[in-house]
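Just so you know, the protein sequences line up as chains D and X, in that order. Heads up, the first sequence is in the UniProt record's numbering, so the first residue is 1 and it goes up one at a time. Heads up, the second sequence is in the UniProt record's numbering, so the first residue is 1 and it goes up one at a time. Just so you know, even glycine gets a beta-carbon here, dropped at the ideal spot from N, CA and C. Note that the coordinates shown come from a computational prediction; the quantities given were computed from them, not determined experimentally. Worksheet for the structure shown next.
2 protein chains.
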Amino acid sequence: MAARQLHLGAFMRPTTIHTGAWRYPGAFPDANFNFAHLKRFAQTLERGKFDAFFMADHLALLNMPMEALKRSHTVTSFDPLTLLPALAAVTERIGLIATASTTFNDPYHIARKFASLDHLSGGRAGWNIVTTSNPDAALNFGQTEQMEHGERYRRGREFFDVVTGLWDSWADDAFTRDVESGLFFDPAKLHVLDHKGEFFQVRGPLNVARPVQGWPVIVQAGASEAGRQLAAETAEVIFAATPTLEDGRSFYRDVKTRMAALGRDPSHLKILPGCFVVIGETEEDARARRAKLDSLVYYESGVASLSIALGHDASGFDPDGPLPEIPPSNASKSSRERVIALAEREKLTVRQLAQRLGGYPGSAMVGTAESIADQMQQWLEAEACDGFNIMFSHVPDGLDDFVEKVVPALQRRGIFRREYEGTTLRENLGLPRPANRFFPA
Amino acid sequence: MAARQLHLGAFMRPTTIHTGAWRYPGAFPDANFNFAHLKRFAQTLERGKFDAFFMADHLALLNMPMEALKRSHTVTSFDPLTLLPALAAVTERIGLIATASTTFNDPYHIARKFASLDHLSGGRAGWNIVTTSNPDAALNFGQTEQMEHGERYRRGREFFDVVTGLWDSWADDAFTRDVESGLFFDPAKLHVLDHKGEFFQVRGPLNVARPVQGWPVIVQAGASEAGRQLAAETAEVIFAATPTLEDGRSFYRDVKTRMAALGRDPSHLKILPGCFVVIGETEEDARARRAKLDSLVYYESGVASLSIALGHDASGFDPDGPLPEIPPSNASKSSRERVIALAEREKLTVRQLAQRLGGYPGSAMVGTAESIADQMQQWLEAEACDGFNIMFSHVPDGLDDFVEKVVPALQRRGIFRREYEGTTLRENLGLPRPANRFFPA
């Protein structure tokens, strides 16, 4: 039997997530707003047989102090649903996953845009469904009071039902386009949704034919109890945040068990933890690159992150000394313990620790292409994941190195494709095409 | 002094407006949903040095009886703001104008999408601002009561102010991206809009840099008194509906006089009437092609249009006889007289007349490439327009013929470019780049 295969998403935001990355030697500081660069990245990822280019979204700018904001390249970016159609036109196989919020959108627009993207790309669209809790975003949409968590989730679930209902407006064979008789479509194969719910009233039908994939691939990032359950019910890809292999196994087991209990085939959901990757010629070189990258982070931002993690003001600490003893506080004990353990394990000064937290605080794989491929194989075989959402340390080099070095190492291990399996994102992920609820086959 | 130059938009809906066009011999019946075809059209138009690919929009499907709807190819199409980014990636110079409604959208999303499209395309975006009165569209956005006309226009005007204000969020040189100091942008060059109006509260700033063109080109279709005044104040292109040269001159003079009275340079608005074009080898061949095209229209739809135009039920008329005498009615006298005159002038049977009205009822240029070029020159020299929004009779042939035959005829007359003047839509239209209201030069 063939080995289980890894799936790889490239998590672009739109480029890198590390706040110092734009200053790294050789980086493209203008990558966020330069389509030529984004095209290059997408085409390189396609050469590397990535399943998908995955773009985050944020609906507001002013979500951190100006002193940090003015140093960050991660807060301004193109609208994902405007960028991805352009990338669709210059690629052929790679999937295109856009984040779109159910909190500040209309389901009719979202259904139409993803259906259009799916047609334009020949079946390569995916929708990362998020709810938006950022109060700064609310202010851009005329809402001064933030929607509470439960309401946001109920709205999100109804939004999903409306969008998928609109995608099912047309049977797959509704458009006959019979030149002889003059019938462009068959009205018996058109369904009027007529949705009336708690949040939405949407008549339909959608004015776009059923998507090539039936539905674009449904992506979520649910980590909470409610989020896991919703994902088990509806998601086809999960962007997981599981920092350790043990966390990964536990999350994986939990969600796949929930799926089985619901009667869903657990292989019809791919769990892809986020994974920040720093690649070096040697292990030491990789660690040096990461240190260089962290050193480009604005120290004051890092100290703010460190203070939050410790539950203690760190601004008075000696930046170049070790982390001092800290009196007990009300801060999350696990967050504090994790930071203290990190400082000890890597022998970091206060400055280095602060810049690590301010750069990218999540879990990372740092090493040679071979050792990173080994770690990935270990996660896969331990059933801690079905693949990863890769966050590149910097662009273009971090991305190019992954495609040129890590991908071949994974291929040599027999756990990553050498050619795309199909033409649609679903086919490449090994996901079934959803039946049309109104026109069963 | 060089002759005044024509500007040409291609009005795509997303392909043709004539309801029988998809059945014409050699047509692509699936053009609406086939990106390969749309790419071919855009690239051909760019070879023809068209100023812009201009896409209509409609936010509902069920806006005509099913008997007509099921025969129509003009009601289903891609979302324009999803299609045009894809076309941006496969073209270099042609402008890309998308219609977007101020009635069923959020200004923050619209500002962001057009700004993104303008960056992606290197400054080729245009926004055709419309308000939506279609009650079927309202039902797709949870509104059971139609907004009244005045309210819709006030909302549209405020929407425009918010969107252009958001585009001015950043000074043109705000993004310094200084790798050495680590400053990604200069906060002194960022403006927080903080709009609070009758319809919208939008804090801002936009999370996209100022568009390449400052603002995407502002397009309108105002014909009413209020619409003309708004266009004189804010529009840079008008999609006019002036069927005769005299109508064209009168409209042109009116709007340009309003502009001068407001202190705007009248050359900073281009008036482009819609123009349906049927090209033949000879005059007779062109008329035969139009007759063939009309003959592909569903007769019952045509009769319904004819009945409305006459103010009299035409369903009992002999389809193959001449238009009978009709008793007086309350119908618009001018509409009735126009139809009667048309039937007499072209000696049309009831069937031919009905199919003409059901196919494309507006004004048309029907003839050889040379005679069409003559008519266009006459309109230009009479100051009845600054160019045209061309509606092709059918695709691909009607479009290809225009580019291969009419464009060279216009170029030989010295009234149409042989090469694009610039790289942005504004440069090609001869429009100034708007100053930033918050950061004057």
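Buried versus exposed, by CB contacts within 10 Å (16 or more), residue i
i         : result
SER169(D) : buried
ARG93(X)  : buried
LYS49(X)  : buried
ASP254(D) : exposed
MET365(D) : buried
LEU323(X) : buried
LYS270(X) : buried
VAL192(D) : exposed
ALA341(D) : exposed
LYS256(X) : buried
GLY165(X) : buried
PHE348(D) : Note on residue identity: the sequence assigns Leu, not Phe, to residue 348(D). The residue in question, LEU348(D), is buried, as its Cβ has 16 or more Cβ neighbours within 10 Å.
ARG228(D) : buried
ILE80(X)  : In the sequence under discussion, the amino acid at residue 80(X) is Pro, which differs from the Ile named in the question. The residue is buried, with at least 16 neighbouring Cβ atoms inside 10 Å.
Strand pairing of residue i, partner residues [DSSP]
i         : result
ILE17(X)  : According to DSSP, ILE17(X) bridges with nothing at all.
VAL130(D) : SER101(D)
LEU183(X) : ASP178(X)
ALA115(X) : Paired residue(s): none; ALA115(X) is not in a bridge.
HIS109(X) : In DSSP, HIS109(X) forms no bridge with anything.
HIS7(D)   : GLY387(D)
ALA209(X) : Paired residues: none, contrary to the question.
ALA86(X)  : ALA86(X) pairs with nothing; no bridge assigned.
GLY95(X)  : ALA52(X)
TRP170(X) : LEU190(X)
Nearest-angstrom beta carbon gap, residue j and residue i [assumed within contact, 8 Å]
i              : j         : result
ALA288(X)      : ILE279(X) : The Cβ separation is near 12 Å, so there is no contact.
ASP118(X)      : ALA125(X) : 4 Å
HIS73(D)       : TYR360(D) : That belief does not hold up - the Cβ atoms of HIS73(D) and TYR360(D) are roughly 13 Å apart, past 8 Å.
GLY20(X)       : VAL297(X) : 4 Å
CYS275(X)      : ILE97(X)  : Wrong, their Cβ atoms sit about 16 Å apart, outside the cutoff.
GLY122(D)      : VAL219(D) : No, GLY122(D) and VAL219(D) are not in contact; Cβ-Cβ is about 19 Å, not under 8 Å.
GLY197(X)      : GLU158(X) : 5 Å
ALA309(X)      : LEU357(X) : 6 Å
GLU300(D)      : GLU67(D)  : 6 Å
GLU245(X)      : GLN378(X) : The amino acid occupying residue 245(X) in the given sequence is Leu; Glu does not appear at that position. Right, their Cβ atoms sit about 7 Å apart.
PHE41(D)       : VAL395(D) : 6 Å
LEU45(D)       : VAL217(D) : Not a contact, Cβ separation roughly 17 Å.
LYS405(D)      : ALA354(D) : The Cβ separation is near 30 Å, so there is no contact.
LEU59(X)       : PHE104(X) : 6 Å
PRO29(D)       : VAL179(X) : 6 Å
residue 445(X) : TYR24(X)  : For residue 445(X) there is no data in the structure shown, the boundaries of chain X being 1 and 441.
THR86(X)       : PHE35(X)  : One point to set straight first is that residue 86(X) is Ala, not Thr, in the sequence displayed. The pair is a contact, with the Cβ atoms about 6 Å apart (cut-off 8 Å).
PHE114(X)      : LEU272(X) : Not really, about 20 Å apart at Cβ, beyond 8 Å.
GLN43(D)       : THR91(D)  : 6 Å
Alpha carbon of residue i to alpha carbon of residue j, nearest angstrom
i         : j         : result
ASP194(X) : ALA409(D) : 52 Å
VAL237(D) : GLY9(D)   : 10 Å
GLY302(D) : LEU69(D)  : 13 Å
GLN411(D) : LEU84(D)  : 27 Å
TRP167(X) : ALA435(X) : 11 Å
ARG426(X) : SER393(X) : 28 Å
ARG47(D)  : VAL403(D) : 8 Å
ARG336(D) : LEU190(D) : 57 Å
ARG155(X) : GLY316(D) : 53 Å
ASP397(D) : THR424(X) : 32 Å
THR99(X)  : GLY222(D) : 36 Å
ARG417(D) : ASN428(D) : 9 Å
ARG13(X)  : PRO187(X) : 42 Å
GLN201(X) : ARG71(D)  : 28 Å
GLU381(X) : ALA373(X) : 12 Å
LEU62(X)  : SER77(X)  : 14 Å
ALA384(D) : TRP127(D) : 23 Å
PHE184(D) : LEU139(D) : 44 Å
TYR153(X) : SER116(X) : 26 Å
ALA232(X) : MET259(X) : 5 Å
Proximal residues, the region 61-83 of chain X versus chain C, C-beta separation under 8 Å: Chain labels in this structure do not include chain C; the protein chains are D and X.
Beta strand (DSSP E) segments (min. 3 residues) lying fully within the region 234-322 of chain D: The qualifying runs are 237-240, 270-279.
Runs of beta strand (DSSP E) lying entirely within the region 339-402 of chain D, each at least 3 residues, in chain order: Fully enclosed beta strand (DSSP E) runs of 3 or longer: 364-367, 387-392.
Every unbroken beta strand (DSSP E) within the region 11-81 of chain D, with a cutoff of 3 residues, ordered by chain: Runs of the beta strand (DSSP E) inside the region 11-81 of chain D: 52-55.
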